[in-house]
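Here is the structure we will look at.
Protein chains in written order, with my numbering: chain S, 15 to 113; chain C, 9 to 462.
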């Protein structure tokens, strides 16, 4: 298979999707490095996967749920939940304006 | 009382017999950290708040309530968890106290500990070399006897790799054997918390304390927990598969030490049988695609709103992985990469299951070379992923595997070997590992490592 090189536009699109800040010199660096990785993992197509089911998890557990009415011991108090934030107001987290 | 080199269970016995107090043991290790850690840089945080238990070091990706937990990333620079991880909670309930949090590759992304946003941990065997990673701080601290035991986490080799390079015992349990609750998520379908120790018995002891169902981690299972320590008293005879495909691109000295190990195992009465394992190059690809995808999802939660810092604090490796994961999950590439990797993951699992119908355990090398010199990682393609090529198949399948020291190379650096087992057969792995230890004392590797730091 022909070696694939991601475009600058693709890198910027990925950064936007991933909500990451990239400096100008990083764009070219990631373009090269991501392309190298993408070209390596293409070997996955060497194996026949017709009629092979996808693995989502390895322990084969099903329907793992909490029992209704159980006390959730993990619940944090409002004060605890807010203890790590840099910006709070009236007992709430401050977030960026959305609209 | 001479403490130097005593294993965790030896120290425990001395405490139980009231020959030494935990306060004295704590003092002893704190003094050693003070003396040697400025050079080794294994610890992110040293903790001295409770000396009532046996000291244990914990990788900095386990949430410890009110104790700074960074995963060696500046994103979490000032993060004080509001809750305790299940693993550490179990440790404190079973007679341990926190000695410190150890350095790691940031978010556990790497096999060198150099992607830590804070510092590079040095290999105690040669300060110009990497300790391996990502649990490099835990491995280095243990190897230089700055702690009698440590917790690591293994997603694609992060316990076994530094255990091999620093010459200690490191176990990656079966996925789902030990709870991930409170372990900062990296690749959620791979992450395995596990013990790193100086002896196999110490490892068996810690696994027994930590294994089991946890209602806070839905992926833990109800599978019965054998008495891992007691099981060591009855040596079993095994049919051992030899992973021949793992020997490609492996350094000749590692190969010859492995052959010597095989001779020992035969002498102990085990039968060695070559097995056909899928080339590790496919497991690397499965791992790379799925793990990066999971990373991009797991790291998306760090927005600096609820705690810690925002996304511009991410280092180069975290960004690189997030970008690739975003790529493999995005429209147009999902089927070609993510879905296909999940299918090949099935092939890797089926391959192991077929082999375990014929053999009890599988052995092979776990690193292609011994500890690299600082700066050498860049020379290897694929940013060092290749260093974990032999560890990733077990991670992809979710089976347990241990790394043991089997000797030193000509440069005096530790060589590791890996024993893999079928799902939830840590008991068999530990049984064989213990026999090997009894017979060889790991060719003196662990002892020599400690003696360097009198």
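Just so it is clear, CB atoms sit at the ideal spot from N, CA and C, and this is done for glycine as well. Please read all numbers here as calculations on a predicted model, not as lab measurements.
Helix, strand or coil at residue 423 of chain C [DSSP, three-state]
Three-state DSSP puts residue 423 of chain C in a strand.
Between the Cα of residue 126 of chain C and those of C:91, C:118, C:79, spot the shortest distance and give me the residue it belongs to.
Check the Cα spacing between residue 126 of chain C and each of C:91, C:118, C:79: the tightest is with C:79.
For residue 360 of chain C, which residues in chain S fall below 8 angstroms Cβ to Cβ?
Those do not exist, as residue 360 of chain C stays about 10 angstroms from chain S at its closest Cβ, beyond 8 angstroms.
Quick one: what's residue 104 of chain C bridged to in DSSP?
Paired residue(s): C:62.
Can you check which of these residues, C:220, C:31, C:169, is closest to residue 180 of chain C by C-alpha distance?
Scanning C:220, C:31, C:169 for the CA closest to the CA of residue 180 of chain C turns up C:169.
Determine, using beta carbons only, whether residue 98 of chain S comes closer than 9 angstroms to chain C.
At a cut-off of 9 angstroms between beta carbons, residue 98 of chain S contacts chain C.
Euclidean distance between Cα positions of residue 412 of chain C and residue 304 of chain C:
Going by the C-alpha atoms only, they are around 32 angstroms apart.
State the Cα-Cα distance for the pair residue 108 of chain C and residue 254 of chain C, rounded to the nearest angstrom.
Approximately 36 angstroms between the Cα atoms of the pair.
Please name the residue, chosen from C:300, C:212, C:155, C:265, that lies closest to residue 19 of chain C on a Cα-to-Cα basis.
Here the closest residue by C-alpha is C:155.
I want to verify the contact list: residues of chain C whose CB lies under 8 angstroms from the CB of residue 94 of chain S, in sequence order.
What residue 94 of chain S touches in chain C: 90.
Nonlocal neighbours in the same chain, by C-beta distance under 7 angstroms from residue 166 of chain C, ignoring five residues either side
Excluding positions up to five away in sequence, the list reads 116, 141, 142, 143, 160.
To which residues of the same chain is residue 137 of chain C closer than 6 angstroms at the C-beta, ignoring the five residues directly before and after it?
Answer for residue 137 of chain C: 131, 379, 381, listed in chain order.
Going by the beta-carbon positions, is the gap between residue 356 of chain C and residue 415 of chain C smaller than 9 angstroms?
No, these two residues do not count as a Cβ contact at 9 angstroms.
Contact with chain S by residue 357 of chain C, beta-carbon distance below 9 angstroms
By this cut-off, residue 357 of chain C is an interface position.
CB of residue 274 of chain C within 9 angstroms of CB of residue 252 of chain C, strictly
Not closer than 9 angstroms, so no.
Which residues of chain S have a Cβ atom closer than 7 angstroms to the Cβ of residue 345 of chain C, listed in chain order?
The contacting residues are 55.
Check whether the region 290-304 of chain C touches the region 255-270 of chain C, counting contact only when three or more Cβ pairs, one atom from each stretch, lie closer than 8 angstroms.
Touching, no, given that fewer than three Cβ pairs across the two stretches are closer than 8 angstroms.
With a cut-off of 9 angstroms, does the C-beta of residue 435 of chain C fall near any C-beta of chain S?
For residue 435 of chain C, the closest Cβ of chain S is not nearer than 9 angstroms.
Closer than 6 angstroms by C-beta to residue 122 of chain C: which residues in its own chain qualify, once you throw out the five before and the five after it? Chain order, please.
128, listed in sequence order.
Give a single yes or no on whether residue 452 of chain C has its beta carbon closer than 8 angstroms to a heavy atom of the ligand ATP.
Here there are no bound small molecules, and the ligand ATP is not part of this structure.
Length of the line joining the Cα atoms of residue 326 of chain C and residue 229 of chain C:
Here the alpha carbons of residue 229 of chain C and residue 326 of chain C stand approximately 30 angstroms from one another.
What runs of the alpha helix (DSSP H), each 4 residues or longer, lie entirely inside the region 300-363 of chain C?
Here the runs fully enclosed are 324-337, 348-363.
Do you know offhand how far residue 108 of chain S's Cα is from residue 314 of chain C's?
Distance between the alpha carbons of residue 108 of chain S and residue 314 of chain C is about 9 angstroms.
Grab the span of the alpha helix (DSSP H) containing residue 151 of chain C for me, first residue to last.
144-151 is the span of the alpha helix (DSSP H), which, as asked, contains residue 151 of chain C.
Does any residue of chain S bring its CB to less than 9 angstroms from the CB of residue 223 of chain C?
Closer than 9 angstroms to some Cβ of chain S, the Cβ of residue 223 of chain C qualifies, so yes.
Any Cβ of chain C within less than 9 angstroms of the Cβ of residue 111 of chain S?
Chain C places no beta carbon closer than 9 angstroms to that of residue 111 of chain S, leaving this residue out of the contacts.
The beta strand (DSSP E) that contains residue 39 of chain C, what's its start and end?
Counting along the chain, residue 39 of chain C falls outside any beta strand (DSSP E), though it belongs to the alpha helix (DSSP H) covering 30-48.
Span separating the alpha-carbon of residue 15 of chain S from that of residue 257 of chain C:
Caution is warranted here: a pLDDT of 48 is assigned to residue 15 of chain S, below 50, making its placement in the model unreliable, and the coordinate value is therefore given only provisionally. Taking the Cα positions, residue 15 of chain S is about 24 angstroms away from residue 257 of chain C.
For residue 299 of chain C and chain S, any beta-carbon pair shorter than 9 angstroms?
So no, residue 299 of chain C is outside the interface.
Using 10 angstroms around the beta-carbon of residue 298 of chain C, count the other beta-carbons present and answer buried if the total reaches 16, otherwise exposed.
Under this definition residue 298 of chain C is a buried residue.
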